[in-house]
Amino acid sequence: MIGWLKKLYYPIQAGHYRLEKHSIGLTIGIICAAMIGGFVEIAPLFTIDETVEDAPDMRLYTPLEQAGRDIYVREGCYACHSQMIRTLADEVDRYGPYSLAVESKYDHPMLWGSKRTGPDLARLGGKYSDDWHVAHLIDPRAVVPESVMPHYAFLADAPLDTASLPARLTALRRVGVPYSDAMIANADRDAAGQAQPDSDGADGVFDRYGDATQVRRFDGKAGRVTEMDALVAYLQILGKLTDAAHQMETAGMTPETEAAQ
Amino acid sequence: MSVKERDPLTGHQTTGHEWNGITELNTPVPTAIWWFILVSHVYAVIAWILLPAWPGINDYTKGILGVDQRAQVERQVTDLRQSRAEWRGRIAALPVAEIRADPDLAGMVAEAGPALFGDNCAACHGISGRGGPGYPSLVDDAWLWGGDPEAVMETLRVGINSDHPDTRYAEMLAFDGLLSRDEIRIVADYVQSLSGLDTAAAPDRLAEGEEMFLDNCSSCHGEDATGNIDLGAPNLTDDHWIYGGDDKAIFTTILNGRQGWMPAWEDRLDTADRKLLTAYLEQLKEAAQ
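Here the protein sequences come in this chain order: A and B.
Residue numbers for the first sequence follow our numbering, so the first one is 1 and each next one is one higher.
Residue numbers for the second sequence follow our numbering, so the first one is 1 and each next one is one higher.
If you want it as structure tokens, here you go:
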């Protein structure tokens, strides 16, 4: 019944059988197969400007936020929290507008994830207070009794390594994040300044990253800059690098729905 | 090395390879695999025709079904909002008292309230609204900015010390440096005596504390220390404490100051959501009593 399909493959099988016996021929065959796979993966990047949305208001991660992001990766937060709201009605209903590719433009590596032991964090910024984040990271069960998250109390006592930030920003610039020379040269000062609103360093942060940058004592304490400062600064910027997703949602809504809002 | 050699036991051809007398059978591909190949090929061709499939230079084949996940989710979300538009419109328009009086709407509040409150408010205020250290209870009668529905609606809209332009703003000053630590302890004793908390302080110590209270604290908390909801200054004569009423907590509060932070919800939750939460809060209050 399926014999005709088998016959269809006979020439291929016979050719393969012969090819397997010639080491150079087989090597060339393997290279060709790998090239096809590579092309399929690489070709879409040629037209990335046309497939990824434009977000002129997109801003960069400040050095402190980038340091927080590195801590997020180091502690493996991505293993339980995704950062991507899928194009599904229930997700949009709960979390807000679905994630756009452009929102991860400066993410290296991206942290979209697919495992959700905890909630999605793509639109977390500004949802809770800094104090809450600090209390929650120190002891999750103190504020959310049913939580199964591990505690990260040590972050509050760990001084932030700012010395390596210029090098980290340089690495990010190599892969396409447009940090300026001034941003890289001042990265360690800016990281400290963003967590110390009364210091001279804070002015530099506003100059280089815009007046809307959040400059606060993220861990609630004056004095040295801790890893807690960095991680909370990062959590408070999630979903707030650009307004593109919200604009797209408003544009996609029908007049009746808007009236019903 | 003969390819045509047959294995006497199974009758299959061998590959012709031999390792110390062990030969490898050249068994044919099982029929089930051929079926699998056939089905997946047929499916692929149908999918190419119906669904978005092949990339082009600047574009891709859209498929005759015209499936677009973004358009799909926008339609679904629109439908979802449409299906709620009627009762949500009424909730947005009516005052809280009338929502609570209407059995249909009260039922909707009871049904939708827990999810909305649980996702947005419970992180700080707790699932039953009782608050916790640093986070005020919403089900008692002590309010920083007023507990009537209009005041609660406004607090939800603009937040407290938030980044909203109309935010409610309050800050308890840090008295470190303005008062000595001994003086702070004296004021703390006086504050504890206001709410009848047990203190062994001598009357002249309390009198000294009262004097310092009038000089430093009464402009916000009032001369009778009952607070001021226009300034978000708490009543110090009741037994509700956000940061704790023991010696150490009051000392820390006066020494370092306090500044609570509540997010502004105007961008995240629309009027109907915020009204629904305000109405749900009344239900929580009833449940707490």
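Every residue gets a Cβ at the ideal spot worked out from N, C-alpha and C, and that includes glycine.
Quantities reported herein were computed from a predicted structural model and do not represent experimental measurements.
Counting only beta-carbon separations shorter than 8 angstroms, does Pro8 of chain B have a partner in chain A? Numbered from 1 along the second sequence, position 8 holds the residue referred to as residue 8 of chain B. Interface residue (Cβ-Cβ distance to chain A less than 8 angstroms): Pro8 of chain B is not classified as such.
Taking 8 angstroms as the CB-CB cut-off, is Gly132 of chain B touching chain A? Sequence index remark: in the second sequence, residue 132 of chain B carries index 132 (1-based). Interface annotation, Gly132 of chain B: in contact with chain A, CB-CB separation under 8 angstroms.
Give me the Cα-Cα distance between Asp270 of chain B and Leu137 of chain A, rounded to the nearest whole angstrom. The residue labelled residue 270 of chain B in the question sits at position 270 within the second sequence. The residue labelled residue 137 of chain A in the question sits at position 137 within the first sequence. So the two alpha carbons sit approximately 29 angstroms from each other.
Let me confirm a value: Pro11 of chain A is counted as buried when at least 16 other C-beta atoms fall within 10 Å, else exposed. Which label applies? Mapped onto the first sequence, residue 11 of chain A falls at position 11. By the Cβ-count criterion, Pro11 of chain A is exposed, with fewer than 16 other Cβ atoms from all chains shown falling within 10 Å of its own Cβ.
At a CB-CB cut-off below 7 angstroms, which residues of chain B make contact with Pro166 of chain A? Residue mapping note: residue 166 of chain A aligns to position 166 of the first sequence, counting from 1. Near Pro166 of chain A there are no residues of chain B at all, since even the closest Cβ is about 29 angstroms away, more than 7 angstroms.
Using only the alpha-carbon positions, how far apart do Val215 of chain A and Ala207 of chain B sit? Along the first sequence, one-based indexing puts residue 215 of chain A at 215. Along the second sequence, one-based indexing puts residue 207 of chain B at 207. Here the alpha carbon of Val215 of chain A sits roughly 42 angstroms from the alpha carbon of Ala207 of chain B.
What residue range does the alpha helix (DSSP H) around Trp261 of chain B cover? Here residue 261 of chain B refers to the residue found at position 261 when the second sequence is read from its first residue. Here Trp261 of chain B belongs to no alpha helix (DSSP H), and DSSP marks it neither H nor E.
Just verifying my parser: in three-state terms, what is the DSSP assignment at Gly209 of chain B? Locating residue 209 of chain B in the second sequence gives position 209, counting from the first residue. The three-state reading of DSSP puts Gly209 of chain B in helix, counting H, G and I together.
Just to confirm my understanding: we take Ala55 of chain A, look at its own chain, exclude 5 residues before and 5 after, and list those with CB closer than 6 angstroms. What are they? Start at 1 with the first residue of the first sequence, and residue 55 of chain A comes out as number 55. Excluding positions up to five away in sequence, the list reads Val102, Thr242 and Ala244.
Under 8 angstroms from the C-beta of Met262 of chain B: neighbouring residues of chain A: As a working mapping, residue 262 of chain B is identified with position 262 in the second sequence. Simply Ser129.
If you draw a straight line from the C-alpha of Ala167 of chain A to the C-alpha of Asp181 of chain A, how long is it? By 1-based counting over the first sequence, the position of residue 167 of chain A is 167. By 1-based counting over the first sequence, the position of residue 181 of chain A is 181. Pairing Ala167 of chain A with Asp181 of chain A, the inter-Cα distance amounts to about 12 angstroms.
Cβ atoms of Val52 of chain A and Ala123 of chain B: under 8 angstroms apart, would you say? For the purposes of this step, residue 123 of chain B is taken as the residue at position 123 of the second sequence. For the purposes of this step, residue 52 of chain A is taken as the residue at position 52 of the first sequence. Cβ distance not < 8 angstroms, so Ala123 of chain B and Val52 of chain A don't count as in contact.
Which value, in whole angstroms, describes the spacing of the CA atoms of Ala47 of chain B and Asp90 of chain A? The residue you call residue 47 of chain B lines up with position 47 of the second sequence. The residue you call residue 90 of chain A lines up with position 90 of the first sequence. Roughly 26 angstroms between the two C-alpha positions.
What are the partner residues of Glu18 of chain B, as DSSP defines its beta bridges? Taking the first residue of the second sequence as 1, we reach residue 18 of chain B at position 18. Residue pairing by DSSP places Glu18 of chain B opposite B:Thr23 in a beta bridge.
Skipping 5 residues on each side, what residues in its chain have a beta carbon closer than 7 angstroms to that of Ile127 of chain B? As a working note, residue 127 of chain B is residue 127 in the second sequence. These residues qualify, in order along the chain: Gly118.
Decide if the region 280–289 of chain B is in contact with the region 175–190 of chain B; the criterion is three or more beta carbon pairs, one per stretch, under 8 angstroms apart. The region 280–289 of chain B is not in contact with the region 175–190 of chain B.
State yes or no: is the beta carbon of Cys124 of chain B nearer than 8 angstroms to at least one beta carbon in chain A? For the purposes of this step, residue 124 of chain B is taken as the residue at position 124 of the second sequence. Contacts with chain A at 8 angstroms (Cβ-Cβ) include Cys124 of chain B.
Tell me the rounded alpha-carbon separation between Val73 of chain B and Gly96 of chain A. Here residue 73 of chain B refers to the residue found at position 73 of the second sequence. Here residue 96 of chain A refers to the residue found at position 96 of the first sequence. So the alpha carbons of these two residues sit roughly 12 angstroms apart.
Neighbour flag for Asp93 of chain A against chain B, beta carbons, 8 angstroms: Your numbering for residue 93 of chain A matches position 93 in the first sequence. For Asp93 of chain A, at least one C-beta of chain B is nearer than 8 angstroms to its own C-beta.
Grouping DSSP H, G and I as helix and E and B as strand, with all else coil, what is Met172 of chain B? Here residue 172 of chain B refers to the residue found at position 172 of the second sequence. Look at Met172 of chain B here: in three-state DSSP terms it is strand.
Starting from Ser40 of chain B, follow the alpha helix (DSSP H) in both directions and report where the run begins and ends. Mapped onto the second sequence, residue 40 of chain B falls at position 40. Where Ser40 of chain B is concerned, the enclosing alpha helix (DSSP H) starts and stops at Thr31 to Leu50.
On the premise that Pro44 of chain A lies in contact with Ala191 of chain A, defined as a C-beta separation below 8 angstroms, what is that separation, rounded to the nearest angstrom? As a position in the first sequence, residue 191 of chain A is number 191, starting the count at 1. As a position in the first sequence, residue 44 of chain A is number 44, starting the count at 1. Not confirmed; about 35 angstroms, so no contact.
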